[in-house]
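Read the structure below first, then the notes.
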Amino acid sequence: MLTLPCFTTPPQPPPTRPVRSGPVPAPEVSRTRTTTATRARMAGSRPSRAATSGETCSHHPLINTGAPKPRRRSTALALSTFLLLVLLTGLPDAAVAANMTEVCVKAAVGHPDTLGDCPFSQRVLLTLEEKKVPYQMKLIDVSNKPDWFLKINPEGKVPVYNGGDGKWIADSDVITQVIEEKYPTPSLVTPAEYASVGSKIFSTFVTFLKSKDASDGSEKALVDELQALEEHLKAHGPYINGANISAVDLSLAPKLYHLQVALEHFKGWKVPETLTSVHAYTEALFSRESFVKTKATKENLIAGWAPKVNP
């Protein structure tokens, strides 16, 4: 058996300061925090919140306390807030106006802030309403046309239309075709074979309205046109193209409204009761939301015709 020698370790003096392992105790952190704050004051600057609160450590290898952090979070938050406001309230007025459909229409006689009695202007408005196209309506006092209106439309006629591209278009026939091409749904296309139905009603109405001679045949000419419309509606109604309203209906509706109101007021004349399909047709047209929203009042319509009937 091997016996190892035994050595006696001479006694050592106690250490002057105990050696600790593990994390630095709180008093040491507190002393470091105070020193950092003191150095900041000695440098003549206000200590940062991080330096005085102990949230960061100046000697930490992953933290640079000398440069501000990029404000990516605040920028993203601001952008998100803006987008939310746009969704809730819409784009600013200037941005919306730049792409807004605009229509210049006749103002009422003597009332420049009220929609007037032009049937061709109403036709365009009806088309936009039936297609649910947002638009801005500009009322034009045709007796005192503003310079900006004559600049975009030297002929000075209404309606004129701008589809949001800055190009102004005149003539209700052209305007409604442009709208149909740009906004094909819902379709308002009238079949070619029905496109001319009722096309002579308005001109015969105007002739009869202005006539001072009861025997000139103008009344009969109007009744004949209304009778032709009656026969078509009996065969194809309730609208010109059957069950669905189309462009030809939106053209006839304002003209038939003028016919009823003006002839009853100036001549005491009404559409014959025997034309039952015509009466049902006008009632269906005049009760549509689009028509109620865009029609002139009877008073303004009469005021518009008065100078033409009694010049």
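Convert by adding 24 to the 1-based position in the sequence shown; the result is the number in the numbering used here.
Every residue gets a Cβ at the ideal spot worked out from N, C-alpha and C, and that includes glycine.
Just to confirm, are residue i and residue j a CB contact at a threshold of 8 Å?
i           : j           : result
residue 317 : residue 153 : yes
residue 140 : residue 320 : yes
residue 301 : residue 258 : yes
residue 262 : residue 308 : yes
residue 130 : residue 166 : yes
residue 233 : residue 290 : yes
residue 136 : residue 163 : yes
residue 250 : residue 295 : yes
residue 270 : residue 209 : no
residue 147 : residue 311 : no
residue 161 : residue 182 : no
residue 264 : residue 333 : no
residue 134 : residue 327 : yes
Near residue i, which residues of its chain fall below 7 Å by C-beta distance, leaving aside the five closest residues on each side in sequence?
i           : result
residue 188 : 123, 124, 125
residue 88  : Confidence at residue 88 is low in this model, with a pLDDT of 47, below 50, so its placement is unreliable and the value that follows should be read with caution. Closer than 7 Å at the Cβ level, and outside the excluded window around residue 88, lies no residue.
residue 226 : 279
residue 246 : 228, 229, 232
residue 239 : none
residue 288 : 294
residue 3   : Residue coverage of the chain in this structure runs from 25 to 335, which leaves residue 3 outside it and unanswerable.
According to the neighbour-count rule (16 or more other Cβ atoms, all chains shown, within 10 Å of its Cβ), is residue i buried or exposed?
i           : result
residue 172 : exposed
residue 158 : exposed
residue 132 : buried
residue 174 : exposed
residue 217 : exposed
residue 267 : exposed
residue 145 : buried
residue 248 : exposed
residue 75  : Because the pLDDT of residue 75 is 40, which lies under 50, any placement of that residue in the model is unreliable, and the question is left without a value.
residue 198 : exposed
residue 273 : buried
Is residue i helix, strand or coil by DSSP?
i           : result
residue 46  : Residue placement at residue 46 is flagged as unreliable, the pLDDT there being 48, under the threshold of 50; the coordinate-derived value follows with that caveat. Three-state result, residue 46: coil.
residue 291 : helix
residue 185 : strand
residue 163 : strand
residue 330 : helix
residue 218 : helix
residue 263 : strand
residue 194 : strand
residue 335 : coil
List the endpoints of the continuous beta strand (DSSP E) containing residue i.
i           : result
residue 125 : 125–132
residue 141 : Taken as a continuous stretch (DSSP letters only), residue 141 belongs to no beta strand (DSSP E), as it is neither H nor E.
Whose C-beta lies closer than 6 Å to the C-beta of residue i among residues of the same chain, with five residues either side of it excluded?
i           : result
residue 305 : 257
residue 169 : 180
residue 254 : 299, 301, 302
Under DSSP, the alpha helix (DSSP H) around residue i begins and ends at which residues?
i           : result
residue 308 : 300–310
residue 313 : 313–318
residue 231 : 225–234
residue 174 : 171–176
Would residue i count as contacting chain D if we go by Cβ distances under 8 Å?
i           : result
residue 267 : No chain D appears in the structure shown, which is made up of a single protein chain.
Short of 8 Å in beta carbon distance, which residues of its chain neighbour residue i, apart from the five on each side in sequence? Order them along the chain.
i           : result
residue 284 : 294, 295, 306
residue 297 : 303
residue 203 : 148, 151, 152, 155, 157, 185, 187
residue 313 : 153
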